[in-house]
Amino acid sequence: MAEANWYVVHTYSGYENKVKANIEKTIENRHLEEEIMEVRVPMQDVVELKNGARKSVQKKMFPGYVLVNMVMNDDTWYVVRNTRGVTGFVGPGSKPVPLTDAEMKPLGIKTENVYINFKEGDTVSVIAGVWKDTIGVVQRMDMGKQTATINVELFGRETPVEIGFDEINRMN
């Protein structure tokens, strides 16, 4: 199987989330999970001053653009290109150009795979981040995002939390 890369898709401004939802629905309907791994609308936290009050809000980093992690072939190109709201891929002519690792780094998207020594159902310990020193059971794993959803006890209840692979260590 060919290697998956990140591609930039141009959309109508304001339609980024709708395009993301439409592509994800098409992936599900056509069973393309192995070829189109992830669709993202990069966001950033911005502090706005409104009526004298500071408010932290999320804004799109690149209005009018969506990032897609996919294996480029005729089927995937057709599906993404013909999604309502998409005007085309970024690249010369009709040839999409994948983003380089250097271009991906500032977006906070990991391109290298992290080796993992755990699977669904394993008890793990969180070794970094907000949930450091927390113990939980792996419920679900997302290889594209390189995250695991674990259940942790919060206020006496089991609560699902998404943690990056690099922040988890398997317990013996």
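Residues 0 to 171, numbered by numbering that gives the first Met the number 0, are exactly what the sequence shown covers, in order.
Just so it is clear, CB atoms sit at the ideal spot from N, CA and C, and this is done for glycine as well.
Cβ-based neighbour list, residue i, same chain, cut-off 6 Å, excluding 5 preceding and 5 following
i: ASP55; result: Rather than Asp, the amino acid found at residue 55 in this sequence is Ser. Contacts found: ASP44 and VAL46.
i: LEU98; result: TRP5
i: THR133; result: VAL125 and VAL151
i: ARG53; result: VAL46
i: LEU106; result: PRO41
8 Å Cβ shell around residue i - same chain, five flanking residues per side excluded
i: ASN21; result: THR82, ARG83 and GLY84
i: GLU15; result: VAL40, LYS59, PRO62, GLY63, TYR64 and VAL65
i: GLN57; result: MET42, GLN43, ASP44 and VAL45
i: GLU23; result: VAL38
Anticipated Cβ contact below 8 Å, residue i with residue j, distance rounded
i: VAL18; j: THR10; result: 5 Å
i: GLY135; j: ASN150; result: 5 Å
i: ARG80; j: GLY90; result: About 12 Å; that fails the 8 Å criterion.
i: MET36; j: ALA3; result: 6 Å
Assigned exposure category for residue i - 16 Cβ within 10 Å defines buried
i: MET69; result: buried
i: PHE154; result: exposed
i: VAL129; result: exposed
i: THR146; result: buried
i: VAL67; result: buried
i: MET142; result: exposed
i: PRO95; result: buried
Among the options, nearest to residue i - alpha-carbon criterion
i: PHE164; options: GLY155, ARG156 and GLU119; result: GLU119
i: ILE126; options: VAL79, ARG169, GLU2 and LYS94; result: ARG169
i: SER93; options: GLU166, LYS49, TRP76 and ILE162; result: TRP76
i: ARG139; options: THR133, THR122 and LYS131; result: THR122
i: ASP74; options: GLU102, GLU33 and LYS49; result: GLU33
i: VAL137; options: LYS49, GLU161 and ASN28; result: GLU161
i: VAL7; options: ASN50, PRO159, GLU166 and MET71; result: MET71
i: VAL78; options: GLY51, VAL38 and ALA101; result: VAL38
i: ILE167; options: GLU157, THR158, ARG156 and LYS131; result: LYS131
Contact test: residue i Cβ vs the ligand ADP heavy atom, cutoff 7 Å
i: ARG39; result: For the ligand ADP, the structure offers nothing, since it holds no ligand at all.
Cβ-based neighbour list, residue i, same chain, cut-off 7 Å, excluding 5 preceding and 5 following
i: PRO159; result: GLN138, THR148 and ASN150
Inside the segment 43-104 only - beta strand (DSSP E) runs reaching at least 3 residues: Residue ranges of uninterrupted beta strand (DSSP E) with 3 or more members, entirely inside the segment 43-104 and ordered along the chain, are 52-59, 64-69 and 85-88.
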